[in-house]
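Visitor:
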Amino acid sequence: MSAALPETLDRRWQKVPFRARLTLGFAGAMVILFGGLALLLHVLVEHSLDQQIDRSLQTRAVDIGTLVDGRRVRDGLPSLPDSGGTFAQILEPHGGRVVAETSGHERPLVSVAQVRSALIQPRLINQRSARLRLSPVNTRPRTVLIVGSSLDQRAHTLTILSDLLFVGGPALLLLTCLAGYILAARALAPVEKMSAQAARISGAPGGKRLPIPQAHDEIRRLGDTLNDLLTRVEEALARERSFVADASHELRTPLAVLKLELEFALRAGANPAELQGRVRSAAEEVDRLTKIAEDLLFIARVDGGRLPLERHPASVEELLDAVVERFDTPARLLGRRLVREGAGTRAHVSVDVSWITQALGNLVSNALRYGDGAVNVAVLERGSEVELHVCDHGPGFDQAFLSCAFERFARADPARAGVGAGLGLSIVRAVAEAHGGSAGARNRAGGGADVWISLPRLREGTAAGAAGAAAPAQSPWTASPPGPRSPSPPSPSPPSPSPPSPSPPSPTTGRTVRQ
Amino acid sequence: MRVLVVEDEPKLASLLSEGLRRQGMAVDIAGDGPGALVAATATRYDCIVLDVMLPGIDGFEVCRRLRAQSVWSPMLMLTARDEIEDRVRGLDSGADDYLVKPFSSEELLARIRALVRRGGPPRPTRLVVGQVTLDPASREVWRNGEPLGLTAREFALLETFMRRPGEVLSRYELLEHVWDGAYENRSNVIEVYVGYLRDKLGREAIETVRGAGYRLTP
Numbered sequence: 276m277s278a279a280l281p282e283t284l285d286r287r288w289q290k291v292p293f294r295a296r297l298t299l300g301f302a303g304a305m306v307i308l309f310g311g312l313a314l315l316l317h318v319l320v321e322h323s324l325d326q327q328i329d330r331s332l333q334t335r336a337v338d339i340g341t342l343v344d345g346r347r348v349r350d351g352l353p354s355l356p357d358s359g360g361t362f363a364q365i366l367e368p369h370g371g372r373v374v375a376e377t378s379g380h381e382r383p384l385v386s387v388a389q390v391r392s393a394l395i396q397p398r399l400i401n402q403r404s405a406r407l408r409l410s411p412v413n414t415r416p417r418t419v420l421i422v423g424s425s426l427d428q429r430a431h432t433l434t435i436l437s438d439l440l441f442v443g444g445p446a447l448l449l450l451t452c453l454a455g456y457i458l459a460a461r462a463l464a465p466v467e468k469m470s471a472q473a474a475r476i477s478g479a480p481g482g483k484r485l486p487i488p489q490a491h492d493e494i495r496r497l498g499d500t501l502n503d504l505l506t507r508v509e510e511a512l513a514r515e516r517s518f519v520a521d522a523s524h525e526l527r528t529p530l531a532v533l534k535l536e537l538e539f540a541l542r543a544g545a546n547p548a549e550l551q552g553r554v555r556s557a558a559e560e561v562d563r564l565t566k567i568a569e570d571l572l573f574i575a576r577v578d579g580g581r582l583p584l585e586r587h588p589a590s591v592e593e594l595l596d597a598v599v600e601r602f603d604t605p606a607r608l609l610g611r612r613l614v615r616e617g618a619g620t621r622a623h624v625s626v627d628v629s630w631i632t633q634a635l636g637n638l639v640s641n642a643l644r645y646g647d648g649a650v651n652v653a654v655l656e657r658g659s660e661v662e663l664h665v666c667d668h669g670p671g672f673d674q675a676f677l678s679c680a681f682e683r684f685a686r687a688d689p690a691r692a693g694v695g696a697g698l699g700l701s702i703v704r705a706v707a708e709a710h711g712g713s714a715g716a717r718n719r720a721g722g723g724a725d726v727w728i729s730l731p732r733l734r735e736g737t738a739a740g741a742a743g744a745a746a747p748a749q750s751p752w753t754a755s756p757p758g759p760r761s762p763s764p765p766s767p768s769p770p771s772p773s774p775p776s777p778s779p780p781s782p783t784t785g786r787t788v789r790q
Numbered sequence: 566m567r568v569l570v571v572e573d574e575p576k577l578a579s580l581l582s583e584g585l586r587r588q589g590m591a592v593d594i595a596g597d598g599p600g601a602l603v604a605a606t607a608t609r610y611d612c613i614v615l616d617v618m619l620p621g622i623d624g625f626e627v628c629r630r631l632r633a634q635s636v637w638s639p640m641l642m643l644t645a646r647d648e649i650e651d652r653v654r655g656l657d658s659g660a661d662d663y664l665v666k667p668f669s670s671e672e673l674l675a676r677i678r679a680l681v682r683r684g685g686p687p688r689p690t691r692l693v694v695g696q697v698t699l700d701p702a703s704r705e706v707w708r709n710g711e712p713l714g715l716t717a718r719e720f721a722l723l724e725t726f727m728r729r730p731g732e733v734l735s736r737y738e739l740l741e742h743v744w745d746g747a748y749e750n751r752s753n754v755i756e757v758y759v760g761y762l763r764d765k766l767g768r769e770a771i772e773t774v775r776g777a778g779y780r781l782t783p
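Residue numbers (the numbering used here), protein chains in the order written: chain A, 276 to 790; chain B, 566 to 783.
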């Protein structure tokens with residue numbers, strides 16, 4: 276119960292608007308500060324008033340002492356002069372008889388005992404409305420002088436002071452709090468505006484931004500940061516949207532063809548030849564859909580970091596030789612040539628050989644498909660990186676395409692629709708990045724496209740030792756394409772070494788390559 | 566009946582034309598946006614089947630440009646995108662119907678027949694009368710190219726006038742089109758709103774025909 280109470284209070288406190296909390300906290304601090312100051316002021320003034328009274332009493336006592344010094348009491352003492360606000364009396368220590376006084380103070384002001392106690396040394400007595408100073412004086416015999424001062428003035432002064440503090444203080448406090456509230460509200464107004472605007476932001480491209488205040492303060496920085504964030508989110512959303520649009524187009528167009536082919540095939544009166552043609556066409560569309568689905572799944576898997584890699588040290592030289600060997604026949608059939616450049620490199624990389632050869636295969640079949648002249652396959656060693664280049668002598672890339680060549684569904688030439696889905700280069704990049712490398716594309720100065728995969732290079736010592744040890748692991752790709760694995764590399768399926776399709780690259784290969 | 570099929574995927578294009586020809590239609594094929602613009606402006610097709618995702622100029626743009634050139638042939642859009650915003654965009658750019666891939670040939674043919682029945686009268690997405698242009702989709706109004714701020718009711722009233730320019734519309738007709746049944750015929754709400762429109766469009770824009778009603782001056 277006792278623990279629950281502060282908790283509910285705390286929760287209620289959290290619900291109070293920030294402006295009000297700020298002002299309340301500020302007001303609390305001000306009350307403590309003001310109260311303390313008022314108390315201190317009161318004490319100081321009181322003390323100073325008391326000191327002032329004591330000083331005037333002392334001065335008066337000295338004056339009167341000088342006046343009556345050495346006089347005989349029996350002879351009679353001179354009457355005591357009045358003086359601003361104070362009064363005086365001289366009493367006999369025995370019997371307490373008044374022997375001299377200022378006018379109006381004929382009766383003894385203190386008791387006999389008090390008089391006697393002051394015979395030795397001065398003492399101060401506070402009465403209800405007066406302060407008295409008792410001191411011995413050198414008359415003969417010794418008597419006691421009493422000087423007193425009314426406390427009315429002091430009480431009046433203190434009343435005024437406390438009235439001022441108790442009325443003016445809260446008023447001032449109220450004003451300060453009001454000012455504090457207004458200031459807080461003004462400082463927070465841009466935040467209110469931002470949150471109102473943020474509620475209206477939909478995420479549509481080219482959408483609204485948060486209003487930025489004029490001042491160069493923390494709130495402006497916050498607004499700028501949030502606006503940058505909004506821009507990035509919008510860009511990501513736009514990319515996602517265009518990906519979904521492209522994917523639906525690539526998937527639904529073959530489906531539409533498939534559906535129409537099957538509907539037409541089902542129609543009565545079709546002859547066997549027509550039926551066969553329709554079914555063949557439908558099967559092609561199924562292949563096309565399968566290919567796109569596999570590629571998309573592959574990219575999704577790599578993006579999700581779930582590509583199972585069996586990495587072994589491999590010689591770059593042998594990797595390239597294998598690719599050249601695989602594509603030699605298809606190239607020849609097209610009347611083209613594969614040229615292996617920069618033989619003799621000793622560089623090694625740690626890769627999953629099947630994936631890398633698939634990626635390189637994508638690049639070579641792209642070059643065969645869209646390039647012209649000989650296709651050069653080359654190695655470039657750059658510090659800790661090894662670059663595997665595939666170059667052709669064709670028209671090269673469109674400048675606009677270069678910036679997005681590796682994006683999913685990027686099409687170099689939109690007019691060449693229906694040939695491929697534009698996933699080939701995305702896969703190349705995905706494979707390179709899964710190996711800690713990267714992929715790049717540019718146009719060569721002399722014309723033609725240059726696309727490469729950059730991989731981290733293995734250090735000489737480890738490479739030499741490990742390469743020997745891992746030699747058996749490399750044999751599958753030099754001898755034959757990798758056997759069925761799960762998941763199997765989706766693209767491109769290496770063209771079979773024996774009778775290659777007369778119009779290489781094969782339709783399956785072509786679908787995934789750059790276009 | 567002559568139909569234009571605008572489709573960049575050759576197989577789909579030939580299947581579409583095959584299906585349509587079997588119904589006795591004459592079919593022309595355009596493989597891209599520019600080809601479609603040339604073909605559709607040269608021939609008055611009874612129907613245009615238009616794929617949205619075209620190389621070069623996309624289907625929305627082809628549709629907009631054709632309508633801008635007063636090609637009013639009924640237009641059916643084929644698309645792979647089935648999100649609402651895509652459909653809205655297609656219809657607002659001037660298409661008459663919308664079909665998502667994959668579709669059945671029966672449905673395609675039925676929709677084409679329905680479109681052909683309706684024919685091709687001018688039906689611009691933006692209404693233009695004299696100096697005033699009104700876009701029902703974006704709910705904007707311009708006078709001499711200057712945007713005008715109209716309330717929803719003023720907009721509805723102006724749209725009613727602009728759909729029948731030059732015709733005298735009785736107070737009753739206007740009430741029926743712009744206000745719902747809860748409104749009393751006796752109220753002077755029409756006078757008030759016609760007054761508002763005159764303030765914004767100019768005094769001479771809406772003419773009072775004594776004893777009959779109001780008329781938008783063309």
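We put the beta carbon where it would ideally sit given N, CA and C, even for glycine.
Along chain B, in chain order, which residues have C-beta atoms closer than 7 Å to that of Ala-540(A)?
Guide: The premise fails here: Ala-540(A) is roughly 11 Å from chain B at the closest Cβ pair, so nothing lies under 7 Å.
Visitor: Of all Cβ atoms in chain B, is any one closer than 8 Å to the Cβ of Thr-283(A)?
Guide: No, its Cβ sits nowhere closer than 8 Å to a Cβ of chain B.
Visitor: Please list, in chain order, the residues of the stretch 717–748 of chain B that have any C-beta partner in chain A closer than 8 Å.
Guide: From the stretch 717–748 of chain B, no residue has a Cβ closer than 8 Å to chain A.
Visitor: Taking the beta carbon of Ala-336(A) as the centre, do at least 16 other beta carbons fall within 10 Å, making it buried, or is it exposed?
Guide: Buried is the call here.
Visitor: Taking only three categories from DSSP, how would you classify Pro-747(A)?
Guide: With a pLDDT of 39 at Pro-747(A), under the threshold of 50, the predicted position of this residue should be treated as unreliable, and no value is reported.
Visitor: If you measure beta-carbon to beta-carbon, which residues of the stretch 569–584 of chain B are closer than 8 Å to chain A?
Guide: Of all residues in the stretch 569–584 of chain B, Asp-573, Glu-574, Pro-575, Lys-576, Leu-577, Leu-580, Leu-581, Glu-583, Gly-584 have a Cβ within less than 8 Å of some Cβ in chain A.
Visitor: In whole angstroms, what is the alpha-carbon distance linking Pro-769(A) and Asp-562(A)?
Guide: Only weak support exists for where Pro-769(A) lies, its pLDDT of 40 falling under 50; the value from the coordinates is given anyway. Pro-769(A) and Asp-562(A): Cα-Cα distance of roughly 16 Å.
Visitor: Buried or exposed: where does Gly-658(A) fall if 16 or more other Cβ atoms within 10 Å of its Cβ makes it buried?
Guide: By the neighbour-count rule (16 or more Cβ atoms within 10 Å), Gly-658(A) is not buried but exposed.
Visitor: For Arg-729(B), which option in Tyr-737(B), Asn-709(B), Val-694(B), Ala-601(B) has the closest C-alpha, if you only look at C-alpha atoms?
Guide: Ranking Tyr-737(B), Asn-709(B), Val-694(B), Ala-601(B) by Cα distance to Arg-729(B) puts Val-694(B) first.
Visitor: When the Cα atoms are used, what is the spatial distance from Glu-559(A) to Pro-701(B)?
Guide: Distance between the alpha carbons of Glu-559(A) and Pro-701(B) is about 45 Å.
Visitor: By the criterion of Cβ-Cβ separation under 8 Å, what are the contact partners of Phe-668(B) in chain A?
Guide: Under the 8 Å cutoff, chain A gives Ala-531, Lys-534.
Visitor: Given this structure, state the Cα-to-Cα distance separating Glu-616(A) from Phe-676(A), to the nearest angstrom.
Guide: Computed Cα separation, rounded: 27 Å.
Visitor: Can you tell which of Leu-766(B), Ala-607(B), Thr-606(B) has the C-alpha that lies nearest to the C-alpha of Arg-708(B)?
Guide: Checking every option, the nearest Cα to that of Arg-708(B) belongs to Leu-766(B).
Visitor: Under the assumption that Cys-452(A) contacts Thr-298(A) (Cβ atoms under 8 Å), give the Cβ distance between them as a whole number of angstroms.
Guide: About 6 Å; that satisfies the 8 Å criterion.
Visitor: With a CB to CB cut of under 6 Å and the five nearest residues on each side skipped, what residues in its chain are close to Leu-533(A)?
Guide: Answer for Leu-533(A): Ala-557, Glu-560, listed in chain order.
Visitor: Considering only their Cβ atoms, is the gap separating Thr-620(A) from Glu-585(A) smaller than 8 Å?
Guide: No, Cβ-Cβ distance for Glu-585(A) and Thr-620(A) is not below 8 Å.
Visitor: Check Gln-588(B) in the structure and name its three-state DSSP category.
Guide: Three-state DSSP puts Gln-588(B) in coil, outside helix and strand.
Visitor: Would you kindly report the start and end of the unbroken alpha helix (DSSP H) that includes Val-343(A)?
Guide: 293–343 is the extent of the alpha helix (DSSP H) around Val-343(A).
Visitor: What does a CB cutoff of less than 8 Å around His-322(A) pick up in its chain, not counting 5 residues either side in sequence?
Guide: Once the five neighbours on either side are set aside, His-322(A) has no close Cβ partner at all.
Visitor: Which ranges does the alpha helix (DSSP H) cover as unbroken runs of at least 4 residues, wholly within the stretch 377–411 of chain A, from first to last along the chain?
Guide: Whole alpha helix (DSSP H) segments, 4+ residues: 387–392.
Visitor: How many Å lie between Ile-339(A) and Gly-311(A) at the Cα?
Guide: Going from the Cα of Ile-339(A) to the Cα of Gly-311(A) covers about 42 Å.
Visitor: Select from the stretch 544–568 of chain A all residues with a C-beta closer than 9 Å to any C-beta belonging to chain B, and list them in chain order.
Guide: Cβ contacts with chain B: Ser-556, Glu-559, Glu-560.
Visitor: Does DSSP put Met-642(B) in a helix, a strand or coil?
Guide: If DSSP states are grouped into helix, strand and coil, Met-642(B) belongs with the strands.
Visitor: Using Cβ-Cβ distances below 9 Å, what residues of the stretch 630–648 of chain B are close to chain A?
Guide: Going along the stretch 630–648 of chain B in chain order, one finds Leu-643, Thr-644, Ala-645, Arg-646, Asp-647, Glu-648 with a Cβ nearer than 9 Å to chain A.
Visitor: Who pairs with Tyr-779(B) in a beta bridge, going by DSSP?
Guide: Leu-734(B), Thr-773(B), per the DSSP bridge assignment.
Visitor: Can you tell me which residues form a DSSP beta bridge with Asn-651(A)?
Guide: According to DSSP, Asn-651(A) bridges with Val-614(A), Cys-666(A).
Visitor: Can you tell which of Met-727(B), Val-614(B), Val-665(B) has the C-alpha that lies nearest to the C-alpha of Arg-527(A)?
Guide: Taking only the C-alpha atoms, the option nearest Arg-527(A) is Val-665(B).
Visitor: Just the chain A side, please: which residues come within less than 7 Å of Met-618(B) by C-beta, in chain order?
Guide: Here the neighbours are His-524.
Visitor: Out of Trp-727(A), Gly-552(A), Ala-375(A), Gly-671(A), which has the shortest C-alpha to C-alpha gap to Ala-794(A)?
Guide: Here chain A has residues from 276 to 790 only, and residue 794(A) is not among them.
Visitor: To the nearest angstrom, how far is the alpha carbon of Leu-638(A) from that of Leu-673(B)?
Guide: About 41 Å.
Visitor: Starting from the Cα of Glu-525(A), find the closest Cα among Met-566(B), Val-592(B), Val-617(B) and give me that residue.
Guide: It is Val-617(B).
Visitor: Could you tell me whether the Cβ atoms of Cys-666(A) and Gly-723(A) are closer together than 8 Å?
Guide: Yes, the Cβ-Cβ distance between Cys-666(A) and Gly-723(A) is below 8 Å.
Visitor: So that I know if they touch, is there some Cβ in chain B lying closer than 8 Å to that of Arg-286(A)?
Guide: So, not an interface residue.
Visitor: Helix or strand or just coil, what does DSSP make of Trp-637(B)?
Guide: Three-state DSSP puts Trp-637(B) in coil, outside helix and strand.
Visitor: If Asp-657(B) and Leu-641(B) are in contact, beta carbons under 8 Å, what's the gap, nearest whole angstrom?
Guide: Contact doesn't hold; Cβ gap of about 15 Å is too wide.
Visitor: Could you check the C-alpha separation between Tyr-758(B) and Val-743(B) for me, to the nearest Å?
Guide: When rounded, the distance between both Cα atoms is 11 Å.
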